[in-house]
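Line by line, the protein sequences give chains A and B. Sequential numbering of the first sequence, starting at 37, is according to the numbering used here. Sequential numbering of the second sequence, starting at 37, is according to the numbering used here. For glycine and all other residues, C-beta sits at the position ideal for the given N, C-alpha and C.
Number of protein chains: 2
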Amino acid sequence: MNVDGKHYRTIWLSETDERVVQIIDQRPLPHQFIIEDLTNVSEVARAIKDMHIRGAGLVGATAGYGMFIAALHAPQNSPIAFNAQLGEDAKILMATRPTAVNLEWAVKRQLAAMAEVDGFAKKIQVAKTTAQAIADEDAEFCRRIGEHGVSLIEQISQRKSGETVNILTHCNAGWLAFVDYGTATAPVYAAHDKGIPVHVWVDETRPRNQGARLTAWELGQHGVPHTVIADNVGGHLMQHGQVDLVITGTDRTLYTGDVANKIGTYLKALAAKDNDVPFYVGLPSSTFDWEKRDGIKEIPIEQRDATEVKYIAGAHEGDTKTVLLTPEDSPAVNYAFDVTPARLVTALITERGICEASEAGIMGLYPEKRS
Amino acid sequence: MNVDGKHYRTIWLSETDERVVQIIDQRPLPHQFIIEDLTNVSEVARAIKDMHIRGAGLVGATAGYGMFIAALHAPQNSPIAFNAQLGEDAKILMATRPTAVNLEWAVKRQLAAMAEVDGFAKKIQVAKTTAQAIADEDAEFCRRIGEHGVSLIEQISQRKSGETVNILTHCNAGWLAFVDYGTATAPVYAAHDKGIPVHVWVDETRPRNQGARLTAWELGQHGVPHTVIADNVGGHLMQHGQVDLVITGTDRTLYTGDVANKIGTYLKALAAKDNDVPFYVGLPSSTFDWEKRDGIKEIPIEQRDATEVKYIAGAHEGDTKTVLLTPEDSPAVNYAFDVTPARLVTALITERGICEASEAGIMGLYPEKRS
Chain A
37 MNVDGKHYRT
47 IWLSETDERV
57 VQIIDQRPLP
67 HQFIIEDLTN
77 VSEVARAIKD
87 MHIRGAGLVG
97 ATAGYGMFIA
107 ALHAPQNSPI
117 AFNAQLGEDA
127 KILMATRPTA
137 VNLEWAVKRQ
147 LAAMAEVDGF
157 AKKIQVAKTT
167 AQAIADEDAE
177 FCRRIGEHGV
187 SLIEQISQRK
197 SGETVNILTH
207 CNAGWLAFVD
217 YGTATAPVYA
227 AHDKGIPVHV
237 WVDETRPRNQ
247 GARLTAWELG
257 QHGVPHTVIA
267 DNVGGHLMQH
277 GQVDLVITGT
287 DRTLYTGDVA
297 NKIGTYLKAL
307 AAKDNDVPFY
317 VGLPSSTFDW
327 EKRDGIKEIP
337 IEQRDATEVK
347 YIAGAHEGDT
357 KTVLLTPEDS
367 PAVNYAFDVT
377 PARLVTALIT
387 ERGICEASEA
397 GIMGLYPEKR
407 S
Chain B
37 MNVDGKHYRT
47 IWLSETDERV
57 VQIIDQRPLP
67 HQFIIEDLTN
77 VSEVARAIKD
87 MHIRGAGLVG
97 ATAGYGMFIA
107 ALHAPQNSPI
117 AFNAQLGEDA
127 KILMATRPTA
137 VNLEWAVKRQ
147 LAAMAEVDGF
157 AKKIQVAKTT
167 AQAIADEDAE
177 FCRRIGEHGV
187 SLIEQISQRK
197 SGETVNILTH
207 CNAGWLAFVD
217 YGTATAPVYA
227 AHDKGIPVHV
237 WVDETRPRNQ
247 GARLTAWELG
257 QHGVPHTVIA
267 DNVGGHLMQH
277 GQVDLVITGT
287 DRTLYTGDVA
297 NKIGTYLKAL
307 AAKDNDVPFY
317 VGLPSSTFDW
327 EKRDGIKEIP
337 IEQRDATEVK
347 YIAGAHEGDT
357 KTVLLTPEDS
367 PAVNYAFDVT
377 PARLVTALIT
387 ERGICEASEA
397 GIMGLYPEKR
407 S
C-alpha cells in the first residue's frame with residue numbers, strides 16, 4: 037500500500053541491485069520510516085529473529101527471499117558444497133521463529149524448487165522466481181480477501197445511504213504483517229480505494245501496541261480515516277451504534293471455526309454479539325488448522341515476557357525511551373493470544389470467498405480437505 | 037490500609053499541627069510515596085483540581101477538610117466577613133471538579149453545620165468535627181462493604197477447599213479512591229486480613245492506568261498477592277477458570293441496576309457472563325442515581341483529552357518521562373466510562389448489604405427511596 041504517496045510492499049528486491057533484498061524495518065514505526073538492505077543470510081535471519089519484520093505472511097516471504105540470497109552466496113565449486121551451504125542456511129532461517137508455520141513452508145518450498153533444476157545459475161534463477169512467487173501469492177491471496185470482503189462493506193454503505201462505514205479492528209493484520217493489503221485491512225483498503233467512505237477504530241492492542249503503532253501508521257499513510265482507541269473502548273462504541281462491523285485477522289483458525297487471534301479479540305467478539313454488530317475474520321487458508329476441534333481446550337497460548345506489560349517504549353524528544361508503568365515489584369503476566377469461539381464469529385473472509393465459521397462452511401469452500 | 041507496614045488513610049490532620057491537612061500525593065505513585073501538607077484553601081483546591089487526590093469518596097473528604105481550613109483562616113472581625121470568606125472558599129472548592137457530586141455535598145454539609153452554631157471558635161470546632169465525620173463515614177461505609185462482600189469470597193474459598201480465590205478488578209476502586217478500604221477492594225482486604233488466601237488480577241486500565249499504577253501499588257503495600265494484566269487478558273483468564281469472581285467499583289449506579297464505571301468494565305462483565313463468573317459491584321449508596329432508568333441512553337459519558345491515549349508517562353532512570361505511542365498525526369478518542377447493563381451484574385455490594393442489581397433489589401435495601 038502507499039507510504040507518503042508512493043506504493044510499497046513490505047519486502048522487495050532492490051531496483052539498483054537485484055542481489056539485495058529490501059524491507060521496511062518495522063521496529064522504529066510509527067516514529068521513523070527506515071528501509072533496510074539485507075545482503076546475506078545472517079542479516080535476513082537477524083531481521084526475522086529480532087522482528088525487523090513480523091506477521092505470518094511476511095515472515096514466510098522473507099524466508100523465501102532469504103533462500104534466494106543463500107543460493108546467491110553458496111559456493112559454486114561443487115554441487116555438494118552448494119547444497120550443504122543451502123542446508124545450513126535453511127536451518128539458520130528456520131530456527132529464527134520456531135513456531136512460525138510459514139517460515140518452514142517457504143524454506144522447504146525453495147529447497148524443493150532448486151532440487152528440480154541442474155546447474156548453479158539455474159538454481160539461483162529458480163530461487164529468485166520462487167521467492168517472487170511466494171511474495172506474489174501472499175499479496176494475491178490478501179488482494180482476494182479484500183475483493184470478497186469489500187462486498188460486506190459495500191452492503192453496509194448502501195444501507196447507510198453512503199454515510200461513513202465504521203470498522204473496528206484489533207492488532208495489526210494489515211499490509212505490514214503480509215507482503216501487501218493485509219487480511220483484516222484488505223477489505224478496508226479495497227473499499228477506500230473504490231471511494232466508499234470508511235473510518236477505522238484502531239484498538240491500540242496492549243501490551244505490544246501493534247494497533248497504535250502499526251495499524252494506525254499504515255492506515256494514515258494510505259490516507260484511510262482512522263481513530264486510535266484504548267482496547268477498553270470498543271464495547272462502548274458498539275453500544276452507541278458507532279461500529280458497523282468488526283474485522284480482525286487470525287493466527288490460527290480451526291476447521292470448526294474457532295479463531296485464535298491477538299489477546300483481547302474475544303472481548304470484542306462478545307461485545308459485537310451483544311450489540312448485533314457483525315464480527316468477521318480475514319484469513320488466507322494457510323492459517324487453517326485442519327486437525328484441532330476445540331480452540332479453547334486445544335490451542336496452546338503463548339505466554340510472553342512480563343516486561344512487555346510493565347514497560348512500554350515510545351518516542352521522546354526524537355529518541356525512543358522505555359518507561360516503567362507499574363510498581364517495580366508487582367508481577368505481571370502476558371498471554372499473547374486468546375480464542376474466540378466460532379459461535380461469536382459472523383463469517384470468515386478467505387481468498388476463496390466468505391463462509392460461515394463452522395465445519396460445514398469451511399469444508400464447503402475447501403472441499404479437498406474433507407477426510 | 038498499610039503502606040510499608042504502617043496504617044494510613046488517604047487524608048488526615050497532621051499529628052504535630054492540627055491546622056494542617058496531610059494527603060498522599062497520588063501523582064508520583066507507584067514510583068514515589070510523597071506526603072503533602074495542605075495549609076490553606078488554595079492548596080486544597082489545587083490538590084483536588086490537579087488530581088493529587090482523586091476518587092469520589094476522597095474528593096468529598098478533601099473538600100470537607102478544605103472547609104475546615106477555610107474556617108481556620110477566615111477573618112474573625114465580623115460574622116459577615118467570616119461568612120463571606122467561607123462562601124468564597126466554598127465556591128473555589130466546588131469549582132475544582134465540577135461533576136463530582138461528593139464535592140458539593142461535603143461543602144454544603146460543612147456550611148450547614150457551621151450555620152447552626154454561633155461564635156468563631158465554635159464554628160471552627162464544628163468544621164473540624166464535621167470534616168472528621170465525613171472522612172470517618174466514608175471509611176465506615178467502605179468497611180461495611182468489605183464486611184458484606186467478604187462473605188462472597190469466603191463461600192468461594194470454602195467451595196475451593198481453601199485454595200486461593202482469584203478476583204479480577206478493573207481501575208482503582210481501592211482505598212486510594214476513598215478514605216480507607218475502598219469499595220471494590222474492601223472485600224479483598226477483609227478476606228486477606230482474615231487469612232483467606234486471595235489473589236487479584238489487576239487490569240492495568242488504559243488509558244490512565246489506574247490499575248497498573250494505583251491498585252497494584254496499594255495491594256502490594258498491604259501485602260495482597262496480585263498480578264498486573266493488560267485489559268485484553270481477562271476474557272482469556274475466565275475461559276480457563278482462572279477468575280472466581282469480578283469486583284469493580286462504580287461512578288454512578290442507577291436504581292434500575294445499570295452501572296457506569298471506568299471504560300472497559302462492560303467488556304469484563306460480558307466475559308464474566310459468558311463464562312459463568314459472578315460479577316459484583318461495590319458501592320456506597322451515595323453513588324446511586326435515583327432518577328435515571330436507562331444507563332446506556334441516559335448517562336452522559338465524559339470524553340477526555342486524546343493526549344491521554346496517545347502519550348503515556350512512566351518512570352525512566354529515576355525520573356518521569358512521557359512518551360508518544362501513536363503516529364503523531366493519528367487522531368484518538370478517549371471515553372472515560374461505559375455502562376454495564378444490570379442484566380450482566382450478579383449483585384451489588386453496598387454498606388447495607390448485598391442486593392440484586394434491579395429496582396426490586398435496590399429498593400429492598402433502600403425502602404426510604406420508594407416514591
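In this structure, leucine 94 of chain A sits away from phenylalanine 177 of chain A, with a CB-CB distance that is not shorter than 8 angstroms.
The beta carbon of leucine 204 of chain A lies closer than 6 angstroms to those of Trp237, Gly270, Val279 and Val282 in the same chain, with the five residues before and after it left out. Relative to the Cα of histidine 109 of chain B, the nearest Cα in the group B:Gly123, B:Thr132, B:Ser407 and B:Val77 belongs to B:Val77.
Not a single CB atom of chain B sits nearer than 8 angstroms to the CB of lysine 159 of chain A. Taken through DSSP and simplified to helix, strand or coil, glycine 350 of chain A comes out as strand. Between glycine 331 of chain B and valine 375 of chain B a beta carbon distance of about 4 angstroms is seen, short of the 8 angstroms cut, so the two are scored as contacting. At a cut-off of 8 angstroms, the C-beta of tryptophan 141 of chain B has no neighbouring C-beta in chain A.
In this structure, DSSP gives cysteine 178 of chain A a helical state, which the three-state scheme calls helix. When secondary structure is reduced to three states using DSSP, arginine 82 of chain A falls in the helix class. Around the Cβ of tryptophan 326 of chain A, a 10 Å sphere holds fewer than 16 other Cβ atoms; the residue is exposed. Around the beta-carbon of aspartate 355 of chain B, fewer than 16 other beta-carbon atoms lie within 10 Å, marking it exposed.
Secondary-structure assignment with DSSP links glutamate 72 of chain A through a beta bridge to A:Ile59. The contact set of threonine 263 of chain B on chain A, defined by CB atoms closer than 9 angstroms, consists of Ala342, Ser366, Pro367, Ala368 and Val369 in chain order. Taking C-beta atoms as the reference points, valine 80 of chain A and leucine 122 of chain A fail to come closer than 8 angstroms. Ile299, Gly300, Tyr302, Leu303, Leu306, Ala307 and Asp310: these are the residues of the segment 294-316 of chain A whose beta carbon lies less than 7 angstroms from some beta carbon of chain B, given in chain order. Apart from the 5 residues on each side of it in sequence, alanine 107 of chain A sits with its Cβ closer than 7 angstroms to the Cβ of Leu122, Met150, Lys159, Ile160 and Ala163 in its chain, given in chain order. Taking all protein chains in view, the Cβ of isoleucine 47 of chain A is crowded by 16 or more other Cβ atoms within 10 Å, so the residue is classified as buried. With respect to the 8 angstroms criterion, glycine 100 of chain A and threonine 166 of chain A are classified as neighbours on the basis of their beta carbons. If one requires a minimum length of 3 residues, the beta strand (DSSP E) runs lying completely within the segment 136-214 of chain B are 201-205, in chain order. Contact with chain A is absent for leucine 204 of chain B, since none of that chain's Cβ atoms lies less than 8 angstroms from the residue's Cβ.
Nearest Cα to aspartate 172 of chain A within the set A:Val137, A:Arg45, A:Ala126 and A:Ala148: A:Arg45. Residues are counted here when their Cβ sits less than 8 angstroms from a Cβ of chain A; for the segment 194-224 of chain B the count is zero. Across the structure, isoleucine 89 of chain B and arginine 63 of chain B are spaced so that their CA atoms are roughly 8 angstroms apart.
For glycine 182 of chain B, the CB contacts under 7 angstroms within the same chain, skipping 5 residues up- and downstream, are Tyr217, Ala222, Pro223, Tyr225 and Ala226 in chain order. In terms of beta-carbon proximity, valine 269 of chain B lines the interface with chain A, with at least one pair separated by less than 8 angstroms. Under DSSP, glycine 318 of chain A takes part in a beta bridge, and its partners are A:Ile385. Taken through DSSP and simplified to helix, strand or coil, arginine 288 of chain A comes out as strand. The alpha carbon of serine 321 of chain B has as its nearest neighbour, out of B:Lys405, B:Glu190, B:Arg244 and B:Arg340, the alpha carbon of B:Lys405. Exclusion of the five residues before and after glutamine 257 of chain A leaves Met37, Asn38, Val39 and Asp40 as the residues of its chain whose Cβ lies within less than 8 angstroms of its Cβ. Closest in C-alpha terms to lysine 42 of chain B, from the list B:Glu254, B:Val345 and B:Lys298, comes B:Glu254. A distance of 8 angstroms or more separates the beta carbons of alanine 368 of chain B and valine 359 of chain A. Annotation: the continuous alpha helix (DSSP H) that includes alanine 227 of chain A extends over 222-229. When C-alpha distances from isoleucine 335 of chain A are compared across B:Gly185, B:Gly102, B:His272 and B:Val201, the shortest belongs to B:His272. Burial state of glutamate 240 of chain B is buried, judged by a 10 Å Cβ sphere holding 16 or more other Cβ atoms. For lysine 357 of chain A, the residues of chain B that pass the 8 angstroms Cβ criterion are His352, Lys357 and Val359, in the order they occur in the chain. Chain order gives the chain A residues near arginine 242 of chain B as Glu240, Arg242, Ala266, Asp267 and Asn268, where near means a beta carbon separation below 8 angstroms.
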